[in-house]
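Undergrad:
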């Protein structure tokens, strides 16, 4: 097992290679990474298997990615997705 | 156009893996398309080898999976199966030949062919947790029970320290056991129904002894980890401001309504809900497969004794024919492939044992569904501001208004008037509760037609606009398959 480092909203997070982006965030205690566009409510991981699209975030500049499906990679830049 | 594949198998869970391998055993060229990075589906979800974890940990019947995976790899190496991982079918054109328009499952996934063509389809799309709205279910820290299991099995990551696991069905038990085994505290397992109902169906459980052993294993695990198991108990509210800090539990009557004076708060940072499973029906519906309501009220594809739908050259296997678990999915996937092979080769189909196994497992599945219904009184715990649709943030009051004052008599009209089911998930999460709600409010019965009307999706996966622009592009000779 090797460790990787990613950046989330300016924070450096350490992760295990082979985790999903959602797993990395949850393991770091980050429970939400998006706000809804109507109620401005926080959202994070819900269905966990790619069906609900609640866990969307910007990954390496690409918006609206499902954090539960994307494997983490060293140096990834994870941002909050404001447009959900 | 290059020669189409003889058969496209969609989904590499138990049903799809069995279908692909048995079709290849019969000599057919196969393309296997799956959204996952590794075969196995949700049931045999296992970690990326990079994680260095024991991939078998927490799994049942891993030997069956290992054998199927080995066979798949051999056929991939030999060129008989083309396996496209991390690919989703976004659009399915009627056939034969059927055109499957593909997209990478995520933005970072490697490119996949835009289109593959196939003469036959075996659709094994699986399913996901069924949900019911409850006040506070949109708070971070509320998850689908299957999502918790996926994190534990796939990433060896525990999404909380103290969990309440609620809903109905035998699946709550393995989730609780896995969470505890990973070092978490399970504050409560809340089963809305009564296990006595299970016992009444015991004569059917005896027909599936492996299931009985599995259940016994979970009961032992619950006892070992001192996990409180509460039958006839529901979560009526999830507590928290910006994230979960607890849940309100209440004893329930037979209809699932909270009994007065029985409410209590339990601290938790994770609340996991599962109310059985919802099959993914987008692709069967896209090719005109007929549907029915299963015992559990799920919309499922109608198949005959060879897994054939009413649409020529389309077979469906696994959860999409009725939620029944991995053993049934395996048997159906095998039957679908062997029936197709028999048809292509003109050899007789010898499947009496397979049919018997399917009949036995289906009977067990129906008994389980009957013992764990969605309680008819589930709407009693809703408050006016409870969201029905999480994506479009539509509260129950808006849905009620559409039915009671605007004349919406069916879920499709409710959707048109309220935007329920029109967001990112396209109703995958809220279609089932919305249809139940519309039926409840109008006093009508839930029907397959009503559910089907809000389960059709033009696109089965979201597409980038640049990919949409290529949908009509002429296909270069030799580009497919």
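Protein chains in written order, with our numbering: chain A, 1 to 84; chain B, 85 to 565. The beta-carbon is built from N, C-alpha and C at its ideal position, and this holds for glycine as well.
(1) If you follow the alpha helix (DSSP H) that residue 518 of chain B is in, where does it begin and where does it stop?
(2) Determine which residues share a DSSP beta bridge with residue 359 of chain B and list them.
(3) Quick check: is the beta carbon of residue 83 of chain A nearer than 8 Å to any beta carbon in chain B?
(4) Nearest-angstrom Cα distance between residue 564 of chain B and residue 163 of chain B?
(5) Smallest Cα separation from residue 169 of chain B: which of B:373, B:115 and B:150?
(6) Quick test of your reading: residue 207 of chain B and residue 398 of chain B, contact by CB under 8 Å. State the CB separation rounded to the nearest angstrom.
(7) Name the residues in the region 306-335 of chain B whose C-beta lies less than 9 Å from a C-beta of chain A; which are they?
(8) Pull up the distance between the alpha-carbon of residue 349 of chain B and that of residue 328 of chain B, whole angstroms please.
(9) For the beta strand (DSSP E) holding residue 335 of chain B, just list the boundary residues, first then last.
(10) In the DSSP output, what is residue 269 of chain B paired with across the bridge?
(11) Count the other CB atoms, across all protein chains shown, that sit within 10 Å of the CB of residue 96 of chain B; report buried if there are 16 or more and exposed otherwise.
(12) For residue 227 of chain B, list the residues DSSP reports as bridge partners.
(13) Is residue 365 of chain B near residue 539 of chain B, with beta carbons less than 8 Å apart?
(14) Name the chain E residues that come within less than 7 Å of residue 36 of chain A, Cβ to Cβ?
(15) So what does DSSP say about residue 32 of chain A, is it helix, strand or coil?
(16) Would you please state the rounded distance, in angstroms, between the beta carbons of residue 247 of chain B and residue 354 of chain B? I believe it to be under 8 Å.
(17) Mind checking if residue 128 of chain B is an interface residue toward chain A, Cβ cutoff 8 Å exclusive?
(18) Do residue 411 of chain B and residue 401 of chain B have their CB atoms nearer than 8 Å?
(19) According to DSSP, what are the bridge partners of residue 65 of chain A?
(20) If the criterion is Cβ atoms closer than 8 Å, does the pair residue 543 of chain B and residue 205 of chain B meet it?
(21) Taking its Cβ as the centre, do 16 or more other Cβ atoms sit within 10 Å of residue 112 of chain B, making it buried, or is it exposed?
(22) So the alpha helix (DSSP H) residue 393 of chain B belongs to, where does it begin and stop?
(23) Please classify residue 303 of chain B as buried or exposed, where buried requires at least 16 other C-beta atoms within 10 Å of its C-beta.
(24) Could you please tell me which residues of the region 13-36 of chain A, in chain order, have their CB closer than 7 Å to any CB of chain B?
(25) Could you please tell me which residues of the region 199-214 of chain B, in chain order, have their CB closer than 8 Å to any CB of chain A?
(26) So is residue 510 of chain B buried or exposed if we call it buried at 16+ other beta carbons inside 10 Å?
(27) Look at the alpha carbon of residue 84 of chain A and the alpha carbon of residue 29 of chain A, and state the distance between them as a whole number of angstroms.
(28) With burial defined as no fewer than 16 other Cβ atoms inside 10 Å of the residue's Cβ, what is the status of residue 172 of chain B: buried or exposed?
(29) Using 8 Å as the threshold, is the C-beta distance between residue 121 of chain B and residue 63 of chain A below it?
(30) Among the residues of its own chain, which have a CB less than 7 Å from the CB of residue 131 of chain B, if the five just before and after it don't count?
(31) I'd like the list of long-range same chain contacts for residue 422 of chain B, defined as Cβ closer than 8 Å, with 5 residues on each side in sequence excluded.
(32) Using a Cβ cut-off of 9 Å, which residues of the region 52-64 of chain A contact any Cβ in chain B, in chain order?
(33) Which same chain residues end up closer than 7 Å to residue 526 of chain B when comparing Cβ atoms and leaving out the 5 residues on each side of it in sequence?
(34) Spatial neighbours of residue 324 of chain B within its chain, please: C-beta separation below 6 Å, excluding the five flanking residues on both sides.
(35) In its own chain, which residues sit with a C-beta less than 7 Å from the C-beta of residue 256 of chain B, not counting the 5 before and 5 after it?
(36) Using a Cβ cut-off of 8 Å, pull out every chain A residue sitting near residue 375 of chain B, in sequence order please.
TA: On the basis of the data shown:
(1) 515-526
(2) B:252
(3) Low confidence applies here, because residue 83 of chain A scores a pLDDT of 47, under 50, leaving its location unreliable; read the following figure in that light. With 8 Å as the cut-off, residue 83 of chain A does not count as an interface residue toward chain B.
(4) No answer about residue 564 of chain B holds up, because its pLDDT of 48 lies below 50 and its placement is not dependable.
(5) B:115
(6) 7 Å
(7) 326, 327 and 328
(8) 12 Å
(9) 328-335
(10) B:246
(11) buried
(12) B:356
(13) yes
(14) Of the protein chains in this structure, namely A and B, none is chain E.
(15) strand
(16) 4 Å
(17) no
(18) no
(19) A:57
(20) no
(21) buried
(22) Unbroken run through residue 393 of chain B: none, as it is neither H nor E.
(23) exposed
(24) 16, 17, 18, 19, 20, 23, 26, 27, 31, 32 and 36
(25) 212 and 213
(26) buried
(27) The predicted model places residue 84 of chain A with a pLDDT of 44, which falls under 50 and marks its position as unreliable, so this point remains unresolved.
(28) buried
(29) no
(30) 137, 139, 238, 239 and 240
(31) 106, 110, 433, 435 and 438
(32) 52, 53, 54, 56, 59, 60, 62, 63 and 64
(33) 487 and 493
(34) 223
(35) 229, 249, 273, 275 and 358
(36) Simply none; closest approach about 19 Å.
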